[in-house]
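Respectively, the protein sequence lines represent chains A and B. Throughout, the working numbering is defined as the position within the first sequence, counted from one, plus 77. Throughout, the working numbering is defined as the position within the second sequence, counted from one, plus 77. First up is the structure itself, then whatever we jot down about it.
2 protein chains.
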Amino acid sequence: MNRSPDTARELRRAYLFADMSEPHLQSLVNGMLDIHLDPGKALFRQGQAAERFYFLREGLVKLFRLSPEGDEKIIEIMRPGETFAEAVMFMGTQGRYPVNAEAINSSRLYAFEQKVFLDLLRESSDATFGLLGSMSRRLHMLVNQIESLTLQNATYRLVAYLLEEIPRDVKTAPDVQLTTPKGVIASRLAIQPETLSRILAKLRQGGLIEVQGNHIMVRDVQALRNLVHLPPQEQAP
Amino acid sequence: MNRSPDTARELRRAYLFADMSEPHLQSLVNGMLDIHLDPGKALFRQGQAAERFYFLREGLVKLFRLSPEGDEKIIEIMRPGETFAEAVMFMGTQGRYPVNAEAINSSRLYAFEQKVFLDLLRESSDATFGLLGSMSRRLHMLVNQIESLTLQNATYRLVAYLLEEIPRDVKTAPDVQLTTPKGVIASRLAIQPETLSRILAKLRQGGLIEVQGNHIMVRDVQALRNLVHLPPQEQAP
DNA sequence: CGAAGGCATTGACCTTGGTCAACCGGGCTT
DNA sequence: AAGCCCGGTTGACCAAGGTCAATGCCTTCG
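This is the structure we're talking about:
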């Protein structure tokens, strides 16, 4: 099967693949699968044997845990250009997925065999360092999440989230286009939809933001930054 | 300097070193440092450049974050035979420690240069897989922690902790000897010391446990297991 | 031996965010 | 066009756990 010539370039958007040599990357491309997922469809379930890992091309996929009562906590929302479940196979107990994965939007992915990748790691230290980088990044993200869940309140978490969502580069109005329904963000931040709604109302009444559906216009970035103890906007050097 | 002949064996208790070839392990042993830490003394601070990682020989070290208000959340309590901060150096931004580390008890450690280890990884896939295993394990632990912080209440977290602390093998009374002051456990579980005390009182009144200082006698293991939705004691096969 | 300091416990009260229910509004289906 | 379904909002109430303060207890140290 012939892949588009810049499939490799597409994959390199992910940290995992960014610095991999062309031949190594090609060997992965040869063995990979195309996957399409409709909204709400499961990719894998927690506890299943982890035979593949994934690269998200388009759409949005949530990684989450469920409580026995059926409550959901989203651990991470994967975006296009990111890989996930690439770290699972290294636990002694023949890897099982530690979370559920489900499409939020209609999504397209590439799937890779864990064992093909494993062989690659033995001979390519580029690949290995890419993987270590991805894992290290995820570790750091999880620690940050634990900190904000335990040492900060719901308003802090939401504001921090909004600030991260403001496009970096843009010189224009610092607005946020929410990529998911508010309920999804609520689950990611471990707050109830009602509470999220109330916090937005509070920020709106304080004149910090304006809300129109999924579009949030930030009226006072500095006030938001103060809420999360950030110093007065650092300029890019 | 001549190391005791079984230093290598001591190190192999850690997953990171368990399957490393003897010569590789020896090369690390040659470059490592002995460190002693008195109780309450810091090993490193969040944000410092991460030049070393550590193996804990004796004692207890806490890894934690601080809020701007000075509240502390313990992310992990390291025990003898475990390594930590070995994953830090792979983040693009020339590694900085993502947490604080401080001795709880008087502790002895070995310290390793990150860059020596880095060189080793390039040529030893045993070392690499050891590292991947350690990181994968830690990732899993953090996800579990996020789940229990968000989907479970304080009683659940404490009971789950107690059950984990019951010595695996023992056929005798299933008791728990707390290795740290209760306040430390409270911080690890993200509850206040007062609340922890009240939960223990509740369990005591229910006849599930008895408490004598740092020694907790479990009177009804099954009742505890039920509280965390575990099935009726699985027998070792 | 007595005082002091650290950890733990207990009580009274308060706050944050959760729960439950009603309602709104836009987009789709029939 | 009517109805409906879903996501979101709002209000009233509730409960888990945090806060603050007083007290107890054990270890350490003078």
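Note that CB positions come from ideal geometry on N, CA and C, so glycine has one too.
Under the 8 Å Cβ criterion, the segment 282–293 of chain A does not count as touching the segment 164–181 of chain A, having fewer than three qualifying pairs.
Taking a contact as a CB-CB distance under 8 Å, the pair LEU137/A and SER184/A counts as one, their CB atoms being some 6 Å apart. When the five nearest sequence neighbours on each side are left out, the beta carbons in the same chain lying within less than 7 Å of the beta carbon of ALA263/B are those of GLN269, PRO270, LEU273, in order along the chain.
Beta-bridge partners of MET294/B (DSSP): ASP252/B, GLU287/B.
Taken through DSSP and simplified to helix, strand or coil, SER184/A comes out as strand. Note that the C-beta distance between THR160/A and ALA91/A is below 7 Å. Annotation for ARG129/A: the continuous beta strand (DSSP E) segment containing it runs 129–135.
Annotation: ASP96/A has no Cβ neighbours in chain B at a cutoff of 8 Å; minimum Cβ distance is about 11 Å.
Note that the C-beta distance between ILE152/A and VAL305/B is not below 7 Å. SER98/A and VAL298/B have their C-alpha atoms roughly 54 Å apart.
Following the DSSP letters along the chain, one finds GLU149/B inside the beta strand (DSSP E) bounded by residues 149–155.
PHE189/B is positioned such that its CB atom lies closer than 7 Å to that of MET109/B.
Per DSSP, reduced to three states, the secondary structure at HIS306/A is coil, with no helix or strand assignment.
Counting every other CB atom within 10 Å of its CB across the protein chains shown gives GLU179/B a total of 16 or more, marking it as buried. Of the residues ILE293/A, SER201/A, PHE206/A, the one whose Cα lies closest to the Cα of PRO244/A is ILE293/A. If you draw a 10 Å sphere on the C-beta of ARG199/B, you find fewer than 16 other C-beta atoms in it, and that means exposed. In this structure GLU135/B is exposed. Its beta-carbon is surrounded by fewer than 16 other beta-carbon atoms within 10 angstroms. Considering only SER202/A, LEU197/A, ASP196/A, the residue with the shortest C-alpha distance to ASP196/B is SER202/A. The beta strand (DSSP E) runs of length 3 or more contained entirely in the segment 203–264 of chain B are, from start to end of the chain, 252–254. Residue pairing of VAL138/A in beta bridges, as defined by DSSP: MET155/A, ALA180/A. At the C-beta level, MET155/A and LEU133/A come within 7 Å of one another. When C-alpha distances from LYS150/B are compared across GLN123/B, PRO157/B, ALA162/B, the shortest belongs to GLN123/B. Taking a Cβ-Cβ cut-off of 8 Å, the neighbours of ALA164/A in chain B comprise LEU209, MET212, SER213, LEU216, given in sequence order. Around the beta-carbon of THR205/B, 16 or more other beta-carbon atoms lie within 10 Å, marking it buried.
Under the 7 Å criterion on CB atoms, HIS292/A is classed as non-interfacial with respect to chain B.
Take LEU255/B, set aside five residues on each side of it, and the residues of its chain with a beta-carbon closer than 8 Å to its own are GLU242, ILE262, ASN291, HIS292, ILE293, in chain order. Under the 7 Å criterion on CB atoms, GLU224/A is classed as interfacial with respect to chain B.
Using a Cβ-Cβ cut-off of 7 Å, ALA250/B does not count as an interface residue toward chain A, since no Cβ of chain A sits closer than that to its own.
Beta-bridge pairing by DSSP links ALA126/A to ARG173/A. For GLU163/B, the closest C-alpha among the options GLN103/B, LYS248/B, GLN191/B is that of GLN191/B. Non-local C-beta neighbours of ASP96/B in its own chain, meaning closer than 8 Å and more than five positions away in sequence, comprise ASP203, PHE206, GLY207, ordered along the chain.
When 8 Å is used as the limit between beta carbons, ALA267/B is near these residues of chain A: LEU226, THR227, in chain order. For LEU88/A, there is no enclosing beta strand (DSSP E); the residue is part of the alpha helix (DSSP H) that begins and ends at 84–88. When DSSP states are grouped into helix, strand and coil, ASP96/A belongs to the coil group.
When VAL236/B, ASP252/B, ASP148/B are compared, the shortest CA-CA separation from ALA278/B is found for VAL236/B. Residues of the segment 134–161 of chain B with a C-beta less than 7 Å from any C-beta of chain A: ARG142, SER144, PRO145, ASP148, LYS150, ILE152, listed in chain order.
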